[in-house]
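So the mapping is simple: the working numbering equals the position in the sequence shown, first residue as 1, plus 612.
By construction, the Cβ of each residue, glycine as well, lies at the ideal position given by its N, Cα and C atoms.
Written below as structure tokens is the structure these notes are about.
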Amino acid sequence: MANAIRESFDLIIVTLRFVGLYPSDKNQPCVSVLKKIWMYVLYFSQVVLLLLVLANVIFKQYSDVMLFNQMVMFLSQGTATCLKVLPFLRNTHRMKKCIEYFGNSRFTPRSKEEREIMTECVGICRRNVRLYFVALLFTVTVWNFYPLVQKSGRLSVDMWLPCDLTQPLVYYLMYFYSAGVCYYMGLVSEMMEPLIGGLAYHATCQLKILKLNLRNLTLKFDNVCEEIERCVIHHDDILRFIKEFENCFSFCIFCQLGASIFDFCLCCIGMITAGTSLYTYVYLTCYLVVFFQVLFYCHYGTLLFEENESLINDMYMSFWYKCDLKVQTSFLIIMERSKKPVILTAGKIINLTYNTFTSILKTSYSLIAVVNNF
Numbered sequence: 613m614a615n616a617i618r619e620s621f622d623l624i625i626v627t628l629r630f631v632g633l634y635p636s637d638k639n640q641p642c643v644s645v646l647k648k649i650w651m652y653v654l655y656f657s658q659v660v661l662l663l664l665v666l667a668n669v670i671f672k673q674y675s676d677v678m679l680f681n682q683m684v685m686f687l688s689q690g691t692a693t694c695l696k697v698l699p700f701l702r703n704t705h706r707m708k709k710c711i712e713y714f715g716n717s718r719f720t721p722r723s724k725e726e727r728e729i730m731t732e733c734v735g736i737c738r739r740n741v742r743l744y745f746v747a748l749l750f751t752v753t754v755w756n757f758y759p760l761v762q763k764s765g766r767l768s769v770d771m772w773l774p775c776d777l778t779q780p781l782v783y784y785l786m787y788f789y790s791a792g793v794c795y796y797m798g799l800v801s802e803m804m805e806p807l808i809g810g811l812a813y814h815a816t817c818q819l820k821i822l823k824l825n826l827r828n829l830t831l832k833f834d835n836v837c838e839e840i841e842r843c844v845i846h847h848d849d850i851l852r853f854i855k856e857f858e859n860c861f862s863f864c865i866f867c868q869l870g871a872s873i874f875d876f877c878l879c880c881i882g883m884i885t886a887g888t889s890l891y892t893y894v895y896l897t898c899y900l901v902v903f904f905q906v907l908f909y910c911h912y913g914t915l916l917f918e919e920n921e922s923l924i925n926d927m928y929m930s931f932w933y934k935c936d937l938k939v940q941t942s943f944l945i946i947m948e949r950s951k952k953p954v955i956l957t958a959g960k961i962i963n964l965t966y967n968t969f970t971s972i973l974k975t976s977y978s979l980i981a982v983v984n985n986f
């Protein structure tokens, strides 16, 4: 099998390279400088747009409550995107190294069963990436083209401007600027979700391969001592990746969860106040999107946690008692290290598990009930 990471996230890597957040494989100083300039131009274009929207939200007297609600949601997601990009701005090479960690040749599957596990893993990651990409393009395109179809003379985002939008040149310049930033925000923010979830699932599948080798250690391998050493190193590599993954992406997950929970409450309040109008269905769609955003992270965090928890049981199911003392000692090392739960976190504060997901739902509904009583 070729590089599993490149196969899983080919579309994401191309996207990140396009916006300058993913360094090239070739060492070309001039190209690297141009990419950095391009990366910062795109980033600060987004920051400027968010500041203009924020100024409008603060100083404008909104008669349309729904429009105000939409702009607040736009600000929350935009702020999350700005913060999620910061780790890439600070150290793109470290982020690339973390993303391509399991693309190393030492993780290449050696048996038919291992190849089947990796084929399933790559297939699921590719499916998630393509579903997100299609949904993203459709959503952002509808968002950007709606003002043109409506012919209202408004932009896709409601922002403060020091110039008159009634002039055609000014209008179209600002329209293409805001539309371009919306595409950038969507590509950078939403494409990170299948990337982060997919990397967590790759770690889960590596644990599956480790369990498979440990379970069949005395049945399939003649040199048991050499193979158990390989398993210990494999387990150490997986734990090292999880630690680096936490350092690189924990902050990104925290920012997205914070924005999603905030928007979750806004969507529910919007559905309550919208009554039976068309906005109810708009907010319902947004609600479902935010719902699955939070569930996505918690789902893959739970899979990794459960796979590590079951590692000890699978080791007990092997014929470890028939091995010599050195092999049994290696088994014991892996067992002891597996007793420490492998839990992905958001900001190293919130555990990404189903229990956290249900707690978020309960807390959000409680806040909605309080707000609705006023």
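Residue i to residue j, Cα distance in whole Å?
i, j, result
"Cys733", "Arg618", "13 Å"
"Asp622", "Asn716", "16 Å"
"Phe671", "Val684", "13 Å"
"Ile972", "Tyr895", "19 Å"
"Leu781", "Gln682", "26 Å"
"Pro641", "Arg739", "35 Å"
"Met613", "Met707", "Residue confidence for Met613 is low, a pLDDT of 49 falling below 50, so the modelled location carries little weight and cannot support an answer."
"Gly809", "Tyr796", "21 Å"
"Tyr893", "Asn920", "41 Å"
"Leu661", "Leu829", "58 Å"
"Cys737", "Lys724", "20 Å"
"Lys938", "Phe874", "54 Å"
"Thr627", "Tyr634", "9 Å"
"Gln689", "Leu748", "14 Å"
"Ser790", "Met883", "27 Å"
"Met771", "Phe853", "42 Å"
"His911", "Tyr966", "7 Å"
"Thr720", "Thr691", "39 Å"
"Ser950", "Leu743", "34 Å"
"Leu851", "Thr753", "41 Å"
"Glu726", "Tyr713", "18 Å"
"Ile821", "Leu923", "11 Å"
"Phe745", "Asn963", "27 Å"
"Ile624", "Val665", "28 Å"
"Ser942", "Glu728", "27 Å"
"Cys898", "Ile881", "12 Å"
Within 10 angstroms of the Cβ of residue i, are there 16 or more other Cβ atoms? Answer buried if so, exposed if not.
i, result
"Cys775", "exposed"
"Cys860", "buried"
"Ile840", "buried"
"Gly632", "buried"
"Asn703", "exposed"
"Thr968", "buried"
"Asn639", "exposed"
"Leu811", "buried"
"Val645", "exposed"
"Ala981", "exposed"
"Phe750", "exposed"
"Asn925", "exposed"
"Glu948", "exposed"
"Phe757", "exposed"
"Leu663", "exposed"
"Pro806", "buried"
"Ser675", "exposed"
"Thr970", "exposed"
"Ala616", "buried"
"Leu687", "buried"
"Ser636", "exposed"
"Leu878", "buried"
"Leu826", "buried"
The alpha helix (DSSP H) that contains residue i, what's its start and end?
i, result
"Gln762", "724-762"
"Lys647", "641-671"
"Arg706", "704-711"
"Met583", "This structure does not reach residue 583, given that the chain is present from 613 up to 986, and the question cannot be answered."
"Ser620", "616-620"
"Arg718", "Note, Arg718: premise wrong, no alpha helix (DSSP H); not H, not E."
"Ile955", "It is not in any alpha helix (DSSP H) - Ile955 carries neither H nor E in the DSSP assignment."
Can you tell me whether residue i sits near the ligand NAP, meaning its C-beta is under 7 Å from at least one heavy atom of the ligand?
i, result
"Asn967", "Absent from the structure shown: the ligand NAP. Ligands present: none."
Give a yes or no on whether the minimum CB-CB distance between residue i and chain B is below 8 Å.
i, result
"Asp770", "Of the chains in the structure shown, none is chain B; there is only one protein chain."
#### Entry: Entirely enclosed alpha helix (DSSP H) segments - the segment 785-856, minimum 4 residues
829-832
### Task
Indicate whether the contact test is met: 3 or more Cβ pairs, each with one atom in the segment 895-913 and one in the segment 866-875, closer than 8 Å.
yes
### Task
Evaluate the contact criterion for the segment 807-825 versus the segment 907-926: three or more CB pairs, one atom per stretch, below 8 Å.
The segment 807-825 vs the segment 907-926: in contact.
### Task
Check whether the segment 789-804 touches the segment 688-700, counting contact only when three or more Cβ pairs, one atom from each stretch, lie closer than 8 Å.
yes
### Query
How about the segment 653-661 and the segment 834-843: do they share at least three Cβ pairs that are nearer than 8 Å?
no
### Task
Spell out a yes or no on whether the segment 949-963 and the segment 845-862 are touching, meaning 3 or more CB-CB pairs, one atom from each, closer than 8 Å.
yes
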